[in-house]
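Just below is one structure, and these are the notes that go with it.
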């Protein structure tokens, strides 16, 4: 690429300069003024070439840097600096796009699939499975809202199959109510987060989009 071509040109220039530097140093060592000096027989080291090798040091660690980066991130080596450029991550989705839906009680916790996606920057949320996958290691913030008519409703934020926080509401007959929660989680690349309907509880949503799941990356770590 352009950066590699620039480094190659600099190397050729420095090698040429280094040859002149060594030639000049050799003449100085062989001159009568230096014949009686107790000098080393090793070739003189040219400071110009030394500076070039120093500038190459960041490139030496590039492979190790890339090995710790998830496919959702990239590296930029412009100006001899390695900069981790992370794709921005943010999503927000509702349970249904149109009509209405009732998630009936089950005898086990069930992952809720929020199919109506309004934002999915970075494509870390999968509307087919309802699962968010962290693209990079960092701190993420999540919010979820649930609702139902006449009965207890509950759902938990789940990280790697373990409940973190739960939203719960118990409603009087004839009333519709909602419950909300939020959490900030430290995630490693590849960690998964979802909202799971509690077993034995019902959730209802319609075109007003009361039941939602949102999240975004705060910063990398």
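In UniProt numbering, the protein residues as written are 1 to 221. Ideal Cβ positions, reconstructed from N, Cα and C, are used throughout, including at glycine. Here the structure is a predicted model, which is why all the values come from computation and not from measurement.
Taken in chain order, the complete beta strand (DSSP E) segments of 3 residues or longer contained in the region 138–203 are 138–149, 153–159, 162–169, 176–187 and 192–197. Contact between residue 147 and residue 187 fails: their C-beta atoms lie close to 27 Å from each other, not under 8 Å. Shown here for residue 219: same chain residues with a beta carbon closer than 8 Å to its own, the five before and five after excluded, namely 138 and 139 in chain order. Nearest Cα to residue 162 within the set 195, 154 and 201: 195.
DSSP places residue 132 within a strand segment (E or B) once states are collapsed to three. According to the DSSP secondary-structure assignment, residue 217 is paired through a beta bridge with 140. Judged by beta-carbon spacing, residue 92 lies beyond the 8 Å limit of residue 129, meaning their Cβ atoms are not closer than that value. DSSP places residue 208 outside any beta strand (DSSP E), giving it a letter other than H or E.
Close CB contacts of residue 115 within its chain, under the 6 Å cut and outside five residues either way in sequence, are with 127 (chain order). Judged by DSSP in its simplified three-state form, residue 91 adopts strand. Short of 6 Å from the beta carbon of residue 108, and not among the five residues preceding or following it, lie these beta carbons of its own chain, in chain order: 199.
Each of 204, 135 and 215 was checked against the Cα of residue 189, and the nearest Cα belongs to 135. Boundaries of the beta strand (DSSP E) around residue 120: 116–121. Non-local beta-carbon contacts of residue 151 in its own chain, meaning distances under 7 Å to residues more than five positions away in sequence, involve 171 and 202 in chain order. By the C-beta density criterion, residue 102 is exposed, having fewer than 16 other C-beta atoms within 10 angstroms.
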